[in-house]
Amino acid sequence: MASKTHISVDKEFLVNEVLRNESVELPPDTERKLKYVRRDKVKVPVVFIGTGSCGLISGAGGTLEEAKKYLSERNIGAEIVETGCTGFCSMEPMVEVQLPGKTRISFRHVTPEKLPFILDGIFNNIVPEEHAIGQYKNKSLEPWKNVAFIEELPYYTLQYRNLMKNWGRINPYSIEEYIASGGYRPYVKIIRNYTHAEVCDIVEKSGLQGRGGGGFLTGKKWKVAHAVIADQRYLLCNADESDPGGFANRAMIESDPHRLIEGILIAAYAVGTSKAWISIRNDYRIAIDRLERAIERARDYGLVGHNVFNSGFNIDIIIRKGPGAFVCGEETAMINSLEGKRGMPRPKPPYPAVSGLFGKPTVVNNVETLSNIPAIFENGPDWFNEIGNESAKGTKILVLSGKIINHGVIEVPLGTKVKDLVFVAGQGIPDNKEFKAVQVGGPSGGFLAGEDIDVPYDFQSLASKGVYMGSGGMVVLDQECCIIDTVKYFMNFIQQESCGKCIPCREGTGRMLEVFENITKRPVDEDRHSTLERFKGVMQLENLAGVIKDTSLCGLGQKAPNTVISSLNYFREEYEEHIFDRKCTAGVCRELRLYYISVDKCTGCTICAQKCPESAIIGTKRHPFFIVEEKCTGCGICYDVCKFNAISVK
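651 is the number that this note's numbering gives the last residue of the sequence shown; the numbers go up by one with no jumps.
Structural data, given as structure tokens:
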């Protein structure tokens, strides 16, 4: 994907007339030209195709090729622009079209076979309404008739798009489009006019808290590192997002990499370092490619390197690809990994801001935290401080997933009710099924259910319910989901990802997983001793969770029991059902399923017996068959293959 714009714009113009201009408003002639660079207005038709990870997984690659073929065969002088994620992942693959003089319009589920029909219509000023999502407001352009505005759709009504303002709107490879959208101007102004201490003061005044889950004041952390006397300091961007259900940081890099680069550069200047590191999972191939190209383009523009814009500031950014271990999301484990050691947490204190990478003061911030920085200096700390609520300032990006109608990435002011996130932005549960719970924060988070989903989504309010924000994952569960099975999944994940350094985490999570495995399987040939052990394990579950939480070395171990504790608070009856009745009402726990064959309906066709992997179905051909419960593992293959609805689940 080439870094280009549809009008001629050179580097000298952007550097001299835009980046070096420190006035609040640019001259009218300059602003007029920038409108075309960022495509507020276009001279030729433009087709935008989202090719972030979510789009490509949904088939956007085929849509892109079909678009190229369509324009070539019809000799249409239009431009194709690949963008990142728009955030509305349930609508992928998405295509947006902007014609000269008309507003930009968005279409859903645009597979290769649908694309010609949609483009045929739009190029003839006819909107295929069954495929249209909405159009973007623009006072200087003519709107499409009978098409809703994007901002008025339920998915967007709660959103405050600060970090996501460029998502799906600009070419992520184009530094020109980023600069035309206001990018890098705050950074250049800072390094030419502000001291390190002044930058730290402004960030602290804004109230920005770390978005990695801890919620520590970012400006305060920077001040601690800056105050330490050292010959070298480091800035470390934690892009090692590894929570199940969380992919907001990846989408952020894929959609707007220059914003992260600018945040890193400002933070590096504030703490007084010439070296910044980005630690990212090696399997984030698209994000890595866009980051590498963004750094290269920033270096071409003189924004990275030696004596940037004659300010005396030197900076280099290094990308380090990690194996994706969950524990390396913990800052000290990540530092160990960068030093070439095994990714294991270190005792704290000393904290990394005092002694971190190679024993030097190191500021560790995640992708979302650093991406907030440019807007704070563009609009002022008071502007940022007014967003959110009393205890938490600014916006938060989170991922809506699970049993929900609208799923994707959204950005809302901190303090927005969890209930509204699920039932307004997410539009509730599909197929009119009953809401059961929402799992917040991944393995280190917890469940919210009942009246507690009315809690504000911020650090303090969630913590009061025993739930932690984590990296912003939010998985919605309906009546067909089993809480015990969900907790078992998270415990299995944590147990496998534990570094094994401390006994409470290594052995405790293993023991908890063993308890969950015992209560989700049928006790075949279980003697009295093993039965007693199973009940003892369940009875000690809460005590074990408390010990792990209080005695583990790092945040992974300390928060590992959160899902267990919160599930016990809300769903104790479901635990008792699994333990005492040996039953899973949701029908999810396979080993607790009991299948039986109706004598009246079975024709003796033998298909179920032939397909059973355990040879648990016996009988005579053309006579009713029977299931041997002791052999049945509850796989459900017989239920799936029976053509006469003769097999049921008890």
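All C-beta atoms in this analysis are idealised placements derived from N, C-alpha and C, irrespective of residue type, glycine included.
As the structure is a prediction and not an experimental result, all values here were calculated from the model.
Using alpha carbons as the reference points, say which of the options lies closest to residue i.
i	options	result
Ile377	Gly102, Ile203, Glu332, Leu261	Ile203
Glu575	Glu481, Phe627, Gly102, Ile106	Glu481
Met345	Arg523, Arg507, Asp479	Arg507
Leu399	Val548, Pro431, Gly213, Leu569	Gly213
Val558	Phe49, Val516, Pro505, Gly605	Strictly speaking, residue 558 in this sequence is Gly, with Val absent from that position. For Gly558, the nearest C-alpha among the options comes from Pro505.
Gly403	Pro245, Gly88, Ser649, Cys503	Pro245
Gln541	Glu515, Arg193, Gly556	Glu515
Lys602	Phe626, Leu593, Lys612	Phe626
Leu209	Gly360, Thr396, Ser280	Thr396
Arg282	Lys276, Arg294, Glu263, Leu339	Leu339
Lys612	Gly637, Leu593, Trp168	Gly637
Phe677	Lys166, Ala133, Ile262	The question about residue 677 has no answer, for the chain in this structure spans 2 to 651.
Leu72	Phe118, Ile58, Phe89, Glu13	Phe118
Asp41	Gly501, Asn125, Ile171, Pro562	Ile171
Leu100	Asn126, Met92, Leu116	Asn126
Which residue comes first and which comes last in the alpha helix (DSSP H) that contains residue i?
i	result
Pro505	504-520
Met335	332-339
Val441	Where Val441 is concerned, there is no enclosing alpha helix (DSSP H), although the beta strand (DSSP E) it sits in stretches over 436-441.
Ala133	Here Ala133 belongs to no alpha helix (DSSP H); instead the beta strand (DSSP E) covers 133-136.
Pro118	Reading off the sequence shown, one finds Phe at residue 118, where the question assumed Pro. Unbroken alpha helix (DSSP H) run through Phe118: 116-123.
Gln497	484-498
Ser256	249-256
Ile106	Looking at the DSSP string, Ile106 is not in any alpha helix (DSSP H); the run it does join, the beta strand (DSSP E), is 106-108.
Pro29	29-38
Phe626	No alpha helix (DSSP H) holds Phe626; DSSP gives it neither H nor E.
Tyr469	Taken as a continuous stretch (DSSP letters only), Tyr469 belongs to no alpha helix (DSSP H), as it is neither H nor E.
Asp551	542-552
Gly558	556-560
Gly635	No alpha helix (DSSP H) contains Gly635, which DSSP labels as neither H nor E.
Would residue i pass as a contact of residue j if the rule is Cβ separation under 8 Å?
i	j	result
Ala393	Phe460	yes
Asp290	Val305	no
Ile287	Ser616	no
Thr370	Ile336	no
Gln111	Val96	Per the sequence shown, the amino acid found at residue 111 is Val instead of Gln. In this structure, Val96 lies closer than 8 Å to Val111 by Cβ.
Cys633	Thr521	no
Pro457	Asn373	no
Ser499	Gly471	no
Ile50	Ala79	no
Gln496	Thr510	yes
Cys609	Ile648	yes
Val419	Leu449	yes
Cys201	Gly220	yes
Ile106	Trp145	yes
Pro258	Pro375	no
Met165	Gly56	no
Leu401	Ala438	no
Gly556	Glu331	yes
Ile484	Phe572	yes
Going by DSSP, which residues form a beta bridge with residue i?
i	result
Tyr597	Ser649
Met475	Leu401, Val441
Phe238	One point to set straight first is that residue 238 is Cys, not Phe, in the sequence displayed. In DSSP, Cys238 forms a bridge with Ile279, Asn366.
Lys12	Per DSSP, none; premise fails for Lys12.
Gln210	Leu218
Asp317	Lys276
Pro414	Thr396
Gly447	Val441
Phe89	None, per the DSSP bridge assignment.
Ile50	Glu83, Val96
Phe150	Gln136
Glu143	Lys103
Ile566	Partner(s): none; Ile566 has no beta bridge.
Ile618	Ile628
Gly409	Leu401
Lys224	Answer by DSSP bridge pairing: none, since Lys224 is not bridged.
The beta strand (DSSP E) spanning residue i covers which residue range?
i	result
Tyr458	Premise fails: Tyr458 is in no beta strand (DSSP E) and is neither H nor E.
Thr84	80-84
Leu304	Unbroken run through Leu304: none, as it is neither H nor E.
Gln99	96-99
Next on the checklist: I'd like to know if the segment 592-600 and the segment 628-645 are in contact, where contact means that at least 3 CB-CB pairs between them fall below 8 Å.
Outcome noted: yes
Checklist entry - Any chance the segment 83-103 sits against the segment 23-35, with 3 or more Cβ pairs inside 8 Å? => result no
Item to check | Touching by the beta-carbon criterion (3+ pairs, under 8 Å), the segment 102-120 and the segment 48-63 | outcome: yes
Checklist entry - With a cut-off of 8 Å, do at least 3 Cβ pairs link the segment 181-195 to the segment 237-254? => result no
Item to check | Three or more C-beta pairs below 8 Å linking the segment 473-489 and the segment 403-415 | outcome: yes
Checklist entry - Okay, do the segment 191-207 and the segment 265-280 touch, 3+ Cβ pairs below 8 Å being the bar? => result yes
Checklist entry - Counting pairs of beta carbons, one from the segment 159-167 and one from the segment 227-237, are three or more of them closer than 8 Å? => result no
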